[in-house]
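Asker:
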DNA sequence: GAGCTCATGTAAGAAGTTACATGATTTG
DNA sequence: CAAATCATGTAACTTCTTACATGAGCTC
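Protein chains in written order, with the UniProt record's numbering: chain A, 1 to 195; chain B, 1 to 195.
#1: Using only the alpha-carbon positions, how far apart do residue 64(B) and residue 159(B) sit?
#2: With distance defined between alpha-carbon atoms, name the residue in 14(B), 40(B), 118(B) nearest to residue 26(B).
#3: Which residues in chain A sit within 9 Å of residue 169(B), going by Cβ to Cβ distance?
#4: The alpha helix (DSSP H) with residue 190(B) in it runs from where to where?
#5: So which of 1(B), 12(B), 22(B) has the shortest CA-CA distance to residue 46(B)?
#6: Any chance you could list the alpha helix (DSSP H) runs of at least 4 consecutive residues sitting entirely within the stretch 90-150 of chain A, in chain order?
#7: Measuring only between beta-carbons, confirm whether residue 196(A) sits less than 9 Å from chain B.
#8: Need the endpoints of the beta strand (DSSP E) that residue 197(B) sits in, please.
#9: In angstroms with no decimal places, state the Cα-to-Cα distance between residue 79(B) and residue 174(B).
#10: Distance, Cα to Cα, residue 106(B) vs residue 132(B)?
#11: Work out the CA separation of residue 83(B) and residue 13(A) for me, nearest whole Å.
#12: Taking the alpha-carbon positions, what's the residue 42(B) to residue 55(B) distance?
#13: If you reduce the DSSP assignment to three classes, tell me which class residue 58(B) lands in.
#14: If we count Cβ pairs, one from each stretch, closer than 8 Å, do we get three or more for the stretch 96-114 of chain A versus the stretch 162-173 of chain B?
#15: Check whether the stretch 134-144 of chain B and the stretch 180-190 of chain B are in contact - that is, three or more C-beta pairs closer than 8 Å.
#16: So which residues of chain A does residue 131(B) contact, with C-beta pairs closer than 8 Å?
#17: Beta carbon of residue 8(A), beta carbon of residue 161(B): below 9 Å?
#18: Are there 16 or more other CB atoms within 10 angstroms of the CB of residue 152(B), so buried, or fewer, so exposed?
#19: Once you ignore the five residues that flank residue 37(A) on each side, which residues in its own chain have a CB closer than 6 Å to its CB?
#20: For a contact defined as C-beta to C-beta under 8 Å, what are the partners of residue 106(A) on chain B?
#21: What are the residues in the stretch 152-166 of chain B lying within 8 Å of chain A by C-beta distance?
#22: Report, in whole angstroms, the separation of the C-beta atoms of residue 92(B) and residue 33(A), which I expect to be a contact under 8 Å.
#23: Return the residue from the list 68(B), 81(B), 29(B) that minimises the CA-CA distance to residue 44(B).
#24: Taking the alpha carbon of residue 66(B) as the reference point, which residue from 18(B), 50(B), 72(B) has its own alpha carbon closest?
#25: Count the other C-beta atoms from every protein chain shown that fall within 10 angstroms of the C-beta of residue 70(B), then say buried if there are 16 or more, exposed otherwise.
#26: Would you say residue 22(A) faces chain B, with C-beta separation under 9 Å as the test?
#27: Going along chain A in order, which residues have a C-beta closer than 7 Å to the C-beta of residue 2(B)?
#28: Could you list which residues in chain B have their beta carbon closer than 7 Å to that of residue 34(A), in chain order?
#29: Taking its Cβ as the centre, do 16 or more other Cβ atoms sit within 10 Å of residue 111(B), making it buried, or is it exposed?
#30: So, residue 87(B) versus residue 114(A), is the Cβ gap smaller than 9 Å?
#31: Would you decide whether residue 146(B) is buried or exposed? Buried here means 16 or more other CB atoms lie within 10 Å of its CB.
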């Protein structure tokens, strides 16, 4: 159900078309939740059927049209209900740790590449999230700007702070991944792999 | 494909029945990878068809039988190929961070409960993994004992070290989650939620 | 012999991935 | 006018979850 709530979260800032949502999933919100277009369009239709959002066909260019969805009161209620419900944790499923546990079967060079790739991946994510935090802090983020429009300074600060805090959590975790992978590189150098 | 590789990883230590695998997924290996029995039995059958493992029907009690699977040479090769291949990262999909980013819509009490649940969950996982590391370090872990049987001290140390290292990675990440959630509690206290 | 463990499934459905497909509009 | 962007899908498949189902063996 998180996809549905990610969509509701987005639509609390402003009405959007499926394509707008798709774009957001590739950048901003996509840094915490991603979904492909093949998942987005059908889900939006289902949500409209369930009354959580309402779609309005608006003209686009001369002949084209597009469908813009707005969150309904029932949608806001459903979103808040989700936020107020205790989280459910899924069982662990960590392919990276699974691999690491069996590196005695791997070639040392491949193991080193594996850790280097891990460091690179998480470094790139940190750069994304730091940039995101920057645009949140200086309010140059258009979605945030729309969101805090007409709100008091206190409210604007609160809205911003939670978003920054979420991305800070992502960064902190990625930093631990990098430190772990660096330890992994040392380990591989010291122990090697298959004999 | 990680389920398949988790199964191969397990079977590198010793032949096992589907039920043995299921048990392991509830404890030891289950702390990095989990799968329900409804996924395990069909996957083992598919792996046998693909020649990665071979099943042997052995008697169990007076009339009962069970099927014990052993990894084949092709299975070891496939497992090593996976270990030697660069990792693929899936797009982010983090329900906890998604929620955190929108806590201005939640009730402060529910937000605090959310962070407290997060701390509790990760504290429990740390306890599991620390216990796991203990049984690996003192070689009282039966699966590890089987795995290092007849191996040199150096090899035994290497095998153990990678497993300990993997669990240490899980612990490090969980500790960051706890620290983040503690910051979250402060934030909620300072900022509150919906007005 | 009751209750737990060992053993092995099926079935329905939700969630997510990958590939294929099409057409209008805007921009350089 | 070509290329990029906007717009919206379908189809097949894999993965995972949840629930239902059954029966033998072992232990107290």
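For every residue, glycine included, the Cβ atom is placed at its ideal position computed from N, Cα and C.
Answerer: On the basis of the supplied data:
#1: Going by the C-alpha atoms only, they are around 36 Å apart.
#2: Answer by Cα proximity: 40(B).
#3: Within chain A, the residues near residue 169(B) are 94, 96, 97, 100, 176, 177, 180, 181, 183, 184.
#4: Residues 153-191.
#5: For the options 1(B), 12(B), 22(B), the alpha carbon positioned closest to that of residue 46(B) is the one of 1(B).
#6: List check, alpha helix (DSSP H) in window: 95-100, 108-137, 142-148.
#7: Outside the displayed range of chain A (1 to 195) lies residue 196(A), so it cannot be described from this structure.
#8: No answer is possible for residue 197(B): it lies beyond the span of chain B, which begins at 1 and ends at 195.
#9: Rounded to the nearest angstrom, the gap between the Cα atoms of residue 79(B) and residue 174(B) is 28 Å.
#10: Annotation: residue 106(B) to residue 132(B) spans about 37 Å, alpha carbon to alpha carbon.
#11: Straight-line Cα distance between these residues: approximately 44 Å.
#12: Those two C-alpha atoms are separated by around 13 Å.
#13: The DSSP-derived three-state label of residue 58(B) is strand.
#14: Remark: three or more beta-carbon pairs, one from each stretch, lie closer than 8 Å, so the stretch 96-114 of chain A and the stretch 162-173 of chain B are flagged as touching.
#15: By the Cβ rule, the stretch 134-144 of chain B does not count as touching the stretch 180-190 of chain B, because fewer than three pairs are nearer than 8 Å.
#16: Here the premise fails: no neighbours, minimum Cβ distance about 15 Å.
#17: No; because the gap between Cβ atoms is not below 9 Å, this pair is not in contact.
#18: Label assigned to residue 152(B): exposed.
#19: Non-local C-beta neighbours of residue 37(A) in its own chain, meaning closer than 6 Å and more than five positions away in sequence, comprise 22, ordered along the chain.
#20: Per Cβ cutoff of 8 Å: 80, 83, 84.
#21: From the stretch 152-166 of chain B, only 155, 157, 158, 159, 161, 162, 163, 165, 166 have a Cβ closer than 8 Å to chain A.
#22: Indeed they touch by this definition, with Cβ atoms about 7 Å apart.
#23: It is 68(B).
#24: Ranking 18(B), 50(B), 72(B) by Cα distance to residue 66(B) puts 18(B) first.
#25: Residue 70(B) should be labelled exposed.
#26: So no, residue 22(A) is outside the interface.
#27: The answer, in chain order, is 95, 98.
#28: Result: 91, 92, 93.
#29: Flag for residue 111(B) reads buried.
#30: For residue 87(B) and residue 114(A), yes; Cβs fall inside 9 Å.
#31: With fewer than 16 neighbouring CB atoms inside 10 Å of its own CB, residue 146(B) falls in the exposed class.
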